[in-house]
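With the first letter of the sequence shown counted as 1, position 71 gets the number 104 in the numbering used here; the numbers rise by one all the way through.
The beta carbon of each residue, even a glycine, is placed where N, CA and C say it ideally should be.
Accompanying notes for the structure given below.
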Amino acid sequence: MGTGLKKYIAIRYNIAARFKPSQWDGKGRANLDPVWLVERLALFDTYCAPSLESQSLRDFTVLVAFDADTHENYVRTVCRCVAGVDVRPILVEAGEDHNDRFNAFVQADTDAEYVSLTRLDSDDSLAPTFMERADHYARTEIAKGAVDTQPLYIAFPHGHNFHVATNWYTDHDYVTSAFGTLVEKRSPSMSGIYSAHHAKMATIHNTVVAASKGAQWCIVIHDNNAANVLKGKPVAEPSFTVGRPGAETKVPVRRESARRQGAQASMAPRTADNFIRFLLGRPMLLRK
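Quick look at the structure:
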């Protein structure tokens, strides 16, 4: 590669930092709750993984950060969700900083002069052209010399929300969205994509905005994440759709209204079976 650029997508899966599932019985460690882990596997396998598989440019590595105490069978299952893409687990011990762990892995993984890390939540999706656009902006700015002395942040303000219970899409213009990419010279002192809250990244680093007519990301709105609120204006024709083909994108939750129970029953048997498999340490089933 002319510019010596290596691209990564960094996902915080179940590390302990600011972990707040909306429904939890208060026992044990929330980020290791078996029910949450099985529900999150269904979300990751249904929404996040296929968006990684469908990227028009797939020369990137996905780094998935787990609490180091997560069952190894579960870690392997999550990494196996994404077909045709290099996925590496990053185990974060108690007291370790996940951003430091991401940076340390990158430092040891490649000898590229420049690296880019894209932030992605495990229950959300990227548009098929996301990594292609990130690559374009990164290489353009590297060629200008803009990354030689300081990191460059690429902001992606235009996205969608997808509401699982209703199958509604909205347009969501979010200038400080969580779907940003940090490009920098690879070094032991590199900043890293999780060095600050996503809303502050554009104020800390030199920033370019990846303008686009179509949405470049999608926040999946579901019931087992306390932060999920449907935002934006409804759209009849989204720029891209989320979920595996034929999946009917329904994810169960533990406490849901009677209205939603019937609509979301299609995935429930598989998730319940996976819960038993998880507790027994057996391989879990993926939707393929």
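- Residue environment, GLU72, which counts as buried when at least 16 other CB atoms sit within 10 Å: Buried, since its Cβ has 16 or more Cβ neighbours within 10 Å.
- Query: Going by C-alpha distance, which of ASN200, ILE237, ALA160 is nearest PRO184?
  - Reply: The option with the nearest alpha carbon to PRO184 is ILE237.
- Three-state class that DSSP yields for TYR170 in the structure shown: Helix, per DSSP.
- Cα-Cα separation between GLU270 and ALA141, rounded to whole angstroms: If you draw a straight line from the Cα of GLU270 to the Cα of ALA141, it is about 43 Å long.
- Could you tell me the boundaries of the beta strand (DSSP E) in which VAL197 lies? It is not in any beta strand (DSSP E) - VAL197 carries neither H nor E in the DSSP assignment.
- Task: Specify the secondary structure class of GLY37 as computed by DSSP and reduced to three states.
- Result: In this structure, GLY37 counts as coil in the three-state DSSP scheme.
- Query: What is the DSSP secondary structure of ALA188, reduced to helix, strand or coil?
  - Reply: Strand at ALA188.
- By the 10 Å Cβ neighbour count, where 16 or more other Cβ atoms means buried, how is VAL208 classified, buried or exposed? Counting of Cβ neighbours within 10 angstroms places VAL208 among the exposed residues, the total staying below 16.
- PRO302, buried or exposed, once every other Cβ within 10 Å from all chains shown has been counted against 16: Residue confidence is low: PRO302 scores 49 on pLDDT, short of 50, so the model does not pin down where it sits. No coordinate-derived value is stated.
- Task: Tell me the start and end of each unbroken alpha helix (DSSP H) in the segment 59–116 that is at least 4 residues and wholly inside, in chain order.
- Result: Within the segment 59–116, complete alpha helix (DSSP H) segments of at least 4 residues are found at 67–76, 82–86, 105–113, given in chain order.
- Beta-carbon contacts of LYS39 that lie in its chain and below 7 Å, excluding the five residues immediately before and after: Contacts found: THR143, ALA145, VAL148.
- Query: Excluding five sequence neighbours on each side, which residues of the same chain lie with their C-beta closer than 7 Å to the C-beta of VAL180?
  - Reply: Non-local C-beta neighbours of VAL180 in its own chain, meaning closer than 7 Å and more than five positions away in sequence, comprise TYR147, GLU174, VAL216, GLU217, LYS218, ordered along the chain.
- The beta strand (DSSP E) spanning THR240 covers which residue range? Taken as a continuous stretch (DSSP letters only), the beta strand (DSSP E) holding THR240 covers 239–242.
- Express the C-alpha separation of ALA211 and LEU30 in angstroms, rounding to a whole number. Coverage of the chain is limited to positions 34 through 321, which leaves residue 30 absent and any answer about it impossible.
- Query: Would you call the CB atoms of HIS131 and ARG45 closer than 8 Å?
  - Reply: Contact flag set, yes.
- Task: Assign ALA232 to one of two classes, buried (16 or more other C-beta atoms within 10 Å of its C-beta) or exposed (fewer than that).
- Result: Per the 10 Å Cβ criterion, exposed.
- With ARG152 as the anchor, note down where its beta strand (DSSP E) starts and where it stops. 147–152 is the span of the beta strand (DSSP E), which, as asked, contains ARG152.
- What three-state label does DSSP hand ALA291 in the structure shown? Caution is warranted here: a pLDDT of 33 is assigned to ALA291, below 50, making its placement in the model unreliable, and the coordinate value is therefore given only provisionally. Three-state result, ALA291: helix.
- Would you check if the segment 185–195 and the segment 112–132 touch, i.e. whether three or more CB-CB distances between them fall below 8 Å? Verdict: no, contact absent.
- In terms of alpha-carbon separation, which member of LEU90, PRO161, HIS196 lies closest to LEU76? Closest by alpha carbon: HIS196.
- Message: Checking 8 Å against the spacing of the C-beta atoms, do ARG121 and ALA98 come in under that value?
- Response: No, these two residues do not count as a Cβ contact at 8 Å.
- Where GLN297 sits in the DSSP three-state scheme: Note on GLN297: pLDDT 39, under 50, position unreliable in the model; the coordinate value appears next. Of the three classes helix, strand and coil, the one that applies to GLN297 here is coil, per DSSP.
- Check whether the Cβ atoms of ARG166 and ALA43 sit closer than 8 Å, and answer yes or no. No, the pair does not count as a contact, with Cβ atoms beyond the cut-off.
- Query: Between HIS255 and TYR170, what straight-line distance do the alpha-carbon atoms span, to the nearest angstrom?
  - Reply: Computed Cα separation, rounded: 32 Å.
- Item | Simplified DSSP assignment, three categories, for ILE175 | Residue state, collapsed to three classes: helix.
- Would you mind reading off the limits of the beta strand (DSSP E) that contains ARG219? ARG219 -> no beta strand (DSSP E), and no H or E assigned at all.
- Query: Quick one: Cα of TYR41 to Cα of GLU86, how far?
  - Reply: Between TYR41 and GLU86, the alpha-carbon positions lie close to 14 Å from each other.
- Query: Of the choices SER155, ALA137, ASN200, whose alpha-carbon is the least far from that of MET223?
  - Reply: Nearest to MET223 by alpha-carbon distance, out of SER155, ALA137, ASN200, is ALA137.
- Item | Status (buried if at least 16 other CB within 10 Å, exposed otherwise) for SER272 | Burial call: buried.
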